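To keep things clear, I will list the structure first and then write my remarks on it.
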Amino acid sequence: MMSASAGSTGDPSEDQIERWLLGLELFGIELGLERIELLLARLDQLQRLPRTVHVVGSNGKSSVTRFVAAIAQQHRISVGAYLSPHVVRFRERILIGAEPCSAAQFAAGGARVQGAVAALQAQRPELGPITQFEALTAIAFVVLSEAGVELAVIEAGLGGRLDATNVIAAPVVVLSSVSLEHTQHLGDSIEAITAEKLAVVTDRATLVVGSDLDPAALDLAVTICAERQARLVVAGREAPAALAAGGQFQRQNFALAAAAAHALLGSLDAAAVAAAAAQTVIPGRYQTVDQAPRTIFDGAHNLAAIAALASSLKAERLGGPLVGCLSVLDDKDAAAMVHEIAACSDALIFTRASHPRALDPQLLAELCHQQNQTPCSVVDEPRAALNAARQAAGPDGIAFAAGSLYLIADLQRAAGSGRGSTL
1 MMSASAGSTG DPSEDQIERW LLGLELFGIE LGLERIELLL ARLDQLQRLP RTVHVVGSNG
61 KSSVTRFVAA IAQQHRISVG AYLSPHVVRF RERILIGAEP CSAAQFAAGG ARVQGAVAAL
121 QAQRPELGPI TQFEALTAIA FVVLSEAGVE LAVIEAGLGG RLDATNVIAA PVVVLSSVSL
181 EHTQHLGDSI EAITAEKLAV VTDRATLVVG SDLDPAALDL AVTICAERQA RLVVAGREAP
241 AALAAGGQFQ RQNFALAAAA AHALLGSLDA AAVAAAAAQT VIPGRYQTVD QAPRTIFDGA
301 HNLAAIAALA SSLKAERLGG PLVGCLSVLD DKDAAAMVHE IAACSDALIF TRASHPRALD
361 PQLLAELCHQ QNQTPCSVVD EPRAALNAAR QAAGPDGIAF AAGSLYLIAD LQRAAGSGRG
421 STL
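Quick note on this note's numbering: the sequence shown kicks off at 1 and runs consecutively.
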């Protein structure tokens with residue numbers, strides 16, 4: 001095993017740690033807390049975590065996480081964050097301040113975790129393999145601890161009750177949204193999924209939810225807060241005007257983040273809040289990446305997120321053509337997603353993200369033909385598909401890429417660099 005002390009000869013590089021993590025991807029999703037708890041105990045991390053905010057939900061978690069961290073930083077608090085997925089490099093998931101941790105920090109944290117994983121699995125083989133997300137969570141906690149941040153904003157991965165991040169007892173929890181997702185793991189109803197997510201709420205904590213939360217989810221939140229003597233805060237859509245460029249959905253996400261920061265800090269400075277809104281960029285989330293035509297990247301990967309994207313696009317179009325470039329994975333409701341986005345688009349170009357579960361774009365085109373009159377075509381290669389969408393939109397239109405963060409990663413990754421992972 002390579003040395004785990006930062007800076008010593010033979011330490012793994014960022015690329016080597018990334019290759020190790022990619023190798024763990026084949027173990028997929030295996031929910032449970034025993035492995036992560038034993039791993040963190042071996043790393044002596046559970047006692048070293050700073051105070052935390054825990055963000056759970058179906059959509060909007062990463063945006064809320066970044067916004068909470070940004071607001072705290074503007075209030076002169078040393079802050080870090082753990083979020084997912086990344087777009088190009090794994091270390092994008094671990095923020096120190098507003099920026100990803102350095103390659104050296106990531107490699108050093110990864111080396112420590114890699115060594116601890118090997119020792120744990122040699123001692124307890126019956127636990128089964130550590131998953132990629134568990135390893136990443138451990139790396140994040142190591143890096144954030146070593147950086148000495150005062151506050152860590154932690155985004156849950158899948159659900160909450162058995163998610164690897166549920167080893168913290170956060171005084172503030174945010175539920176960003178609830179929709180029918182990952183039903184094989186979380187349950188087949190809004191109530192069941194909400195219960196899984198809100199299992200992270202501890203006694204006497206504060207739970208922040210949005211004013212547009214599903215009524216069934218809100219009813220359950222009220223019940224859970226009463227049972228655990230927790231405080232429930234319902235955030236509205238009020239947000240600084242600077243967020244207009246982030247789409248309508250980001251206004252709600254920012255309102256949730258501001259309410260969470262207020263619950264944590266007790267009061268907020270209006271100028272600091274406005275600065276956080278103006279300066280925070282959410283990669284791959286209604287992100288404007290070019291002009292003439294305005295080109296928007298949005299990793300909307302399920303029906304709820306696609307509906308939010310469609311709403312924002314309709315609100316912003318100025319009369320020019322609106323043309324989308326889409327790829328969708330095979331575990332999503334592709335027919336409903338295509339129908340939703342086609343209804344607001346002048347044309348769609350379907351492509352294939354570099355992921356083994358990316359649907360055949362010809363199938364997406366057939367779904368579009370069956371349901372809509374929206375013109376569509378197929379361009380297999382993602383960059384060529386985006387270029388075609390931009391040409392069709394023209395300088396006065398809007399082109400967008402959506403349907404999967406794997407597509408956004410393909411469009412932002414250097415050509416020929418291979419596939420990363422956004423698991």
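We treat Cβ as the ideally placed atom computed from N, Cα and C, and that holds for glycine.
Owing to the predicted nature of the structure, the values given are computational and were not obtained by experimental measurement.
Looking at the unbroken alpha helix (DSSP H) that takes in L21, where does it start and where does it end?
E14 to L24
What distance in whole Å lies between the Cβ atoms of V174 and A272, which are believed to be in contact at a cut-off of 8 Å?
Not really, about 19 Å apart at Cβ, beyond 8 Å.
Sequence-distant residues of the same chain with beta carbon closer than 7 Å to V88, five excluded per side:
A409, Q412, R413 and G420
Alpha carbon to alpha carbon, how far is L407 from Q229?
43 Å
S377 - containing beta strand (DSSP E), residue span
C376 to V378
Using 8 Å for Cβ pairs, my map puts G97 next to L144. What's the rounded Cβ distance?
Incorrect: roughly 11 Å between the Cβ atoms, too far for contact.
Rounded to the nearest angstrom, how far is the Cβ of A389 from that of V323, given a contact under 8 Å?
5 Å
With a cut-off of 8 Å on the beta carbons, I'd call L158 and L318 a contact; round off their distance for me.
Contact flag wrong, Cβ pair sits at about 39 Å.
Let's test the definition: count the other Cβ atoms within 10 Å of the Cβ of P85 and tell me whether it reaches 16, buried, or not, exposed.
buried
F400: first and last residue of the uninterrupted beta strand (DSSP E) it sits in
I398 to A402
Considering just the uninterrupted stretch of the alpha helix (DSSP H) at R35, what are its terminal residues?
E34 to R42
Out of curiosity, what's the CA-to-CA distance linking E134 and E150?
23 Å
Where do the N-terminal and C-terminal ends of the alpha helix (DSSP H) with I77 fall, by residue?
Run containing I77: none; DSSP gives neither H nor E here.
Cut-off 6 Å between Cβ atoms - residues of its own chain near A393, not counting five sequence neighbours on either side:
P293, P321, V323 and A399
Whole-Å CB distance - I168 paired with L49, under 8 Å assumed:
6 Å
Just curious, the alpha helix (DSSP H) that A156 is in, first and last residue?
Taken as a continuous stretch (DSSP letters only), A156 belongs to no alpha helix (DSSP H), as it is neither H nor E.
Whole-angstrom C-beta distance between L303 and A263, which should lie under 8 Å:
Not quite, the Cβ-Cβ distance comes to about 30 Å (not below 8 Å), so this is no contact.
Please state whether DSSP places C368 in a helix, a strand or coil.
helix
Residues in its own chain within less than 6 Å of A4 by CB, not counting five upstream and five downstream?
Here the model assigns A4 a pLDDT of 38, short of 50, so the residue's position is not dependable, and the following value carries that caveat. So the qualifying residues of the chain are A111, R112 and G115.
Take L207 as the anchor and find which of G187, Q287, A199 and V233 has the nearest alpha-carbon.
V233
What residues are listed by DSSP as bridge partners for D290?
T295
Take L38 as the anchor and find which of C225, L367 and I130 has the nearest alpha-carbon.
I130
Just curious, the alpha helix (DSSP H) that G110 is in, first and last residue?
A103 to Q123
Helix, strand or coil: how does DSSP classify R228 here?
coil
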